[in-house]
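First residue of the sequence shown? That's -2 in the working numbering, and the numbers climb one at a time after it.
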Amino acid sequence: MARLARWAAVAAFTITTTKAEGESILTAEIGRQNNQSLLWGPYKPNVYFGVRPRAPEGLWTGLMWSKVDDYQEVQHGFRYTCEQGEDIHGYGWDEYDARHGGIQSIHDKGNSIDITTSFVKVPGGDHGGSWAARIKGVPREGAPKDINTMLYYYIGQDGPGDLAVETESTEFGFLGDVKLRGSSKSLGDYTLLVTKGKGQKPSSDHPLSDTRKPENTLVHSLRLSERDVWQTKAAVFTLLQQAAREVQETFDETNPPPPWQVYRIANNPGAGNGHVVQKNFQGEFEFDVIFSSASAGKAMTTTDVTREIKQTSELFGQRFSKIFDFKAPFNDNKYLQFGKSMFSNLLGGVGYFHGHQIIDRSNADEYAEEDEGFWEGAAEARARQQAKAEGPYELFTSVPSRPFFPRGFLWDEGFHLMPISDWDMDLSLDVIQSWYNTMDEDGWIPREQILGDEARTKSNGSAKAKKETLSKEDDLHDAHLKNPELGEAYLRKIYPLLQRQYQWFRRTQRGDVKTYDRTAYSSREAYRWRGRTETHCLTSGLDDYPRPSPPSPAELHVDLLSWVGLMTKSLINIADALGIAEDVADMEKNLEAIEHNLNDLHWSEEEGCYCDASVDDFEEHTLVCHKGYISLMPFLVGLMKPKDPKLGKILDLLGDEEHLFSPYGIRSLSKQDEFYGTEENYWRSPIWMPMNYLAVKQLHHVAIQSGPHSKKARDLYTRLRKNLVTTVYNSWKETGFAWEQYNPETGAGQRTQHFTGWTSLVVKIMAMDDLERQEHHDEL
């Protein structure tokens, strides 16, 4: 009997161990497949088109072009980095899936050319598979069909490795394809093929034609220092200046050659860590750039690229309609095209960044902000800071705006991940993990991350086989949801980091209740943003939104208490899923205290809304009410119950056209406020999509439940949903861009263009329920 018991114990141990090992193998394999699937991408969102791996070192590429019918056009029409001031009528991804690829359109009005960049990935091997880009140009409507366009495809390699041109060249360049062969630690052996492509070449009777033949592709190989490899535009301009100087010294100014002959770089192929490939075309053109990993087997061909582009587009369309099922009145084709563009630009704006960031860790006493006039002392402390470079760090993140904010923003990221999580949960989890990997031991994460010198420049098969591959890769979109053990492993890894950040907020941003003898349910659950000035509270994200004046150590900020409340709710859900009962109990107490203190410290019965708090001349608790987004925050983050009697007044304020409601969305500040539309006017009237999305979401939540406020919430939800979508769509249709914010009087997009970060939340709004039609159906 004892022997049998021992055998049973050993058997149980063996079974348990085997299961654990199996789960570990599963986790490791899915992790490997995920990394392979996401290794390559257009992860240089600061440029119009650039491909790089999600790794600190390896091959990367970028596209440059300009019209060359006039000498001045080269200087003013040269395109590489995304810029706001350039004469471009919209650009970005029409379709994009981070695991397959997509299609981007660039409507370059200034250069009279529409350029399409198609990007596809083919899995296989041990180094992320192969990829290809097809570059196609078509003269714009009304432009001459024989316009001359010069293009440069830059190929760089960071870190150790080999990269050299393998194809033999004539004296005057390459008559056919150009092939480079390379190797690196992260990518293994590979080839890169730049095809001859299709398109007419310009011609000229000028004597220079004898030595500068336009039908040839030119390659100039460079050996650059590690710090200079990324400076693509500078490298190309240096080569162009050399070419121009040579012409100036050779030919009479009275008989100048055409610009396309002058601006042709010297053909100098070889080995190096930088290679510039130049092509000149007249009218339409098309060529491919094909990266083939040796470990993946047979190299890709142009025929393969054509097939992959077609299938990738079909797969995207099928998946998009499944994930984002637009409801009336936004279920016709024009909104489908709009929605695809908005979402694809969000996902296509995901970038990989690596490098050092500048951090001030002086931790001056003044930063505690405990004295009167604290903002002055804090400013003086900042002036004497000793910021130093730390790192290197790496960050995988979606950016708010490719031309203006091509870097990571922590607050924005939460909104970015709402649509992305619907599409690809596992990618979202990678992004979250990436951010938390930058957190320090105290729990602090830099809210804005500019990693590396390049980022700092912006601180201002068959169809059946394909279907089977799709099914396998689709599992990677939501592997952590389909495999509970995988999801649990992720949560157990990330949960301590979430707790560390949560406690950092509760510790460093705590407000003062006891000193001012305030009456509140809890003396601990009150908060104020550090980093205030007289006119701004940048740390809140609502930069110039009016706050109590003058600033005081006695301040309490309702939006921060609301955000901590939302963090608490989220952590309760995670701790409960992980079975950490003690943490659940502790945080439920915190949440109860927060909900009480929102009412005890911030509710104004007279104004019918939530307000920031401070103290008066007698150091008595007082509320400072500037009606707007701040006033709605407890509602916006879901801390108000559908039957809460105060909710009626919040809905009245939200729906009041003399305060917040407009034909274009909810204003950031009431029209009746003395600061409405004043000074910088950043958060003092404009309509912002993230806050409006939260409002639509909570109105829907109240509308679909029985209660005294459901009818009003339904009406507000229906009208606000229509207003928001119409506002963003109309501006996109007119300008070709999404915008950072929208004008409350006209609905026009304004401030930063191509802001397809959180503005892309409009895609989720179009996919929300049409409660107006449902109500009509119920009545019938």
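Virtual Cβ for every residue (Gly too), placed ideally from N, Cα, C.
Excluding the five sequence neighbours on either side, which residues of its own chain have a C-beta within less than 6 Å of the C-beta of Tyr542, listed in chain order? Stepping through the sequence shown from its first residue, residue 542 is reached at position 545. Taking C-beta separations shorter than 6 Å and ignoring five residues to either side along the sequence, the partners of Tyr542 in its chain run Trp680, following chain order.
Margin query: Can you confirm whether the region 482 to 492 touches the region 338 to 349 when touching is taken to mean that 3 or more C-beta pairs between the two stretches lie within less than 8 Å?
Written below: By the Cβ criterion, the region 338 to 349 is not in contact with the region 482 to 492, since fewer than three pairs of Cβ atoms, one from each stretch, lie closer than 8 Å.
Inset, instruction - Measure the beta-carbon distance from Thr58 to Ile152 and round it to whole angstroms, keeping in mind my assumption that it falls under 8 Å. - result: Residue numbering aside, residue 58 sits at position 61 when the sequence shown is read from its first letter. Residue numbering aside, residue 152 sits at position 155 when the sequence shown is read from its first letter. Rounded, the Cβ-Cβ distance is 5 Å, consistent with contact.
Could I get the ranges of all uninterrupted alpha helix (DSSP H) runs contained in the region 532 to 595, with 4 residues as the minimum, in chain order?
Segments of the alpha helix (DSSP H) lying fully in the region 532 to 595: 555 to 574.
Original post:
Under the three-state reduction of DSSP, which class applies to Met297: helix, strand or coil?
Top reply: Position 300 of the sequence shown, counted from the start, is the residue given in the question as residue 297. It is coil, neither helix nor strand.
Can you look up Asp84 in the DSSP assignment and give me helix, strand or coil? Counting from 1 along the sequence shown, the entry for residue 84 is found at position 87. In the structure shown, Asp84 sits in coil (DSSP, three-state: anything other than H, G, I, E or B).
Checklist line | Host beta strand (DSSP E) of Arg178 (start-end) | finding: As a working mapping, residue 178 is identified with position 181 in the sequence shown. 175 to 181 is the span of the beta strand (DSSP E), which, as asked, contains Arg178.
Output the distance between the C-alpha atoms of Ala764 and Trp755, rounded to the nearest integer angstrom. As a position in the sequence shown, residue 764 is number 767, starting the count at 1. As a position in the sequence shown, residue 755 is number 758, starting the count at 1. Going by the C-alpha atoms only, they are around 16 Å apart.
May I have the straight-line CA-CA distance separating Tyr433 from Phe393, to the nearest angstrom? The residue you call residue 433 lines up with position 436 of the sequence shown. The residue you call residue 393 lines up with position 396 of the sequence shown. Counting only the Cα atoms, Phe393 lies some 11 Å from Tyr433.
Next on the checklist: Please classify Tyr714 as buried or exposed, where buried requires at least 16 neighbouring CB atoms within 10 angstroms.
Outcome noted: In the sequence shown, the residue the question calls residue 714 occupies position 717. Answer is buried; the Cβ neighbour count reaches 16.
Which of helix, strand or coil does DSSP assign to Leu478? Here residue 478 corresponds to residue number 481 of the sequence shown, with the count starting at 1. Three-state result, Leu478: helix.
Counting along the chain, where does the alpha helix (DSSP H) carrying Ser338 start and finish? For the purposes of this step, residue 338 is taken as the residue at position 341 of the sequence shown. For Ser338, the uninterrupted alpha helix (DSSP H) segment begins and ends at 330 to 345.
field: Beta-carbon proximity list for Gly82, same chain, < 8 Å, skipping 5 on both sides
entry: For the purposes of this step, residue 82 is taken as residue 85 along the sequence shown, with counting starting at 1. Only residues of its own chain outside the window of five on either side were considered, and among them none has a CB closer than 8 Å to the CB of Gly82.
(message) Just to confirm, is the Cβ distance from Gly126 to Leu36 under 9 Å?
(response) Sequence index remark: in the sequence shown, residue 126 carries index 129 (1-based). Sequence index remark: in the sequence shown, residue 36 carries index 39 (1-based). Yes, these two residues count as a Cβ contact at 9 Å.
Taking C-alpha atoms, which residue in Leu184, Asp66, Leu160 lies nearest to Ala52?
As a working mapping, residue 52 is identified with position 55 in the sequence shown. Answer by Cα proximity: Leu184.
Quiz prompt | Buried/exposed call for Thr823, threshold 16 Cβ in 10 Å | solution = An answer regarding residue 823 cannot be provided, because it is not within the stretch -2 to 777 covered by the chain.
Quick check: the Cα distance between Gln33 and His351, rounded to an integer number of angstroms? Working through the sequence shown from its first residue, we reach residue 33 at position 36. Working through the sequence shown from its first residue, we reach residue 351 at position 354. Each residue's CA atom was taken as its position, placing Gln33 and His351 some 19 Å apart.
Touching or not, the region 66 to 82 and the region 96 to 109, by the rule of three or more beta carbon pairs under 8 Å? When Cβ pairs closer than 8 Å are counted between the two stretches, the region 66 to 82 is seen to touch the region 96 to 109, the count reaching three or more.
Review point. Quick one: what's got a C-beta closer than 7 Å to Asp475's C-beta in the same chain, skipping five residues either side?
Key: Position 478 of the sequence shown, counting from 1, holds the residue named residue 475. For Asp475, where only same-chain residues beyond five positions count, the Cβ hits under 7 Å are Met422, Asp423.
Enumerate in chain order the residues of its own chain whose CB-to-CB distance from Glu369 is below 6 Å, with the five nearest sequence positions on each side excluded.
Start at 1 with the first residue of the sequence shown, and residue 369 comes out as number 372. Leaving aside the five residues that flank Glu369 on each side, none in its chain has a CB nearer than 6 Å to its CB.
For Pro50, which three-state DSSP category applies? Looking up residue 50 in the sequence shown gives position 53. Strand at Pro50.
task = Give a yes or no on contact between the region 297 to 311 and the region 117 to 133, applying the rule of three or more CB pairs nearer than 8 Å.
result = The region 297 to 311 is in contact with the region 117 to 133.
**Study point:** Per-residue burial, Phe615 [other beta carbons within 10 Å of its own, 16 or more giving buried]
**Key:** Position 618 of the sequence shown holds residue 615. By the neighbour-count criterion, in which 16 or more other beta carbons inside 10 Å mark a residue as buried, Phe615 falls on the exposed side.
ask   = Which residues in the same chain as Phe752 place their Cβ atom closer than 7 Å to its Cβ, once the five residues preceding and following it in sequence are excluded?
value = Here the question's residue 752 lines up with position 755 in the sequence shown. Excluding sequence neighbours, Phe752 sits near Pro397, Ser398, Ala735, Trp736, Glu737.
What does the alpha-carbon distance come out to for the pair Gly156 and Ala268? Taking the first residue of the sequence shown as position 1, residue 156 is located at position 159. Taking the first residue of the sequence shown as position 1, residue 268 is located at position 271. Taking the straight line from one Cα to the other gives about 15 Å.
* Asked: Looking only at C-alpha atoms, which of Leu636, Tyr524, Tyr513, Glu373 sits nearest to Trp501?
  -> Within the sequence shown, numbered from 1, the residue matching residue 501 stands at position 504. Minimum Cα distance to Trp501 is reached at Tyr524.
Exposed or buried, which one is Lys385 when buried takes at least 16 other CB atoms within 10 Å? As a working note, residue 385 is residue 388 in the sequence shown. A residue is called buried when at least 16 other Cβ atoms come within 10 angstroms of its Cβ; Lys385 does not meet this threshold and is exposed.
>> Could you pull the DSSP bridge partners for Asp609 from this structure?
In response: Here residue 609 is taken as the residue at index 612 of the sequence shown, counted from 1. Answer is Val621.
Q) Counting Cβ pairs closer than 8 Å, one from the region 528 to 540 and one from the region 674 to 694, do we hit at least three? A) Counting Cβ pairs under 8 Å, three or more are found: they touch.
Problem - Thr619 versus Arg503 - alpha carbon distance - result: As a working note, residue 619 is residue 622 in the sequence shown. As a working note, residue 503 is residue 506 in the sequence shown. Note on geometry: alpha-carbon atoms of Thr619 and Arg503 lie some 23 Å from one another.
Handout entry: Cα-Cα separation, Val44 to Ile684
Key = Locating residue 44 in the sequence shown gives position 47, where the first residue counts as 1. Locating residue 684 in the sequence shown gives position 687, where the first residue counts as 1. Cα to Cα, Val44 sits roughly 28 Å from Ile684.
| query | What's the gap between the Cα of Ser63 and the Cα of Thr146? | reply | As a first step, residue 63 is located in the sequence shown; it is residue number 66 there, counting from the start. As a first step, residue 146 is located in the sequence shown; it is residue number 149 there, counting from the start. For Ser63 and Thr146, the distance between alpha carbons rounds to 6 Å.
inquiry  = Here's a check: name, in chain order, each residue in its chain whose Cβ is nearer than 6 Å to the Cβ of Asp641, leaving out the five neighbours to either side.
reply    = Position 644 of the sequence shown, counting from 1, holds the residue named residue 641. No residues qualify anywhere along the chain.
6 Å Cβ shell around Tyr349 - same chain, five flanking residues per side excluded:
Sequence index remark: in the sequence shown, residue 349 carries index 352 (1-based). Taken in chain order, the residues that qualify are Tyr40, Arg51, Phe393.
Within the region 352 to 394, ranges of the alpha helix (DSSP H) (whole runs, at least 4 residues): Correct list: 371 to 380.
What residue ranges within the region 641 to 676 form continuous alpha helix (DSSP H) runs of no fewer than 4 residues, ordered along the chain?
Complete alpha helix (DSSP H) runs here, min 4: 644 to 652.
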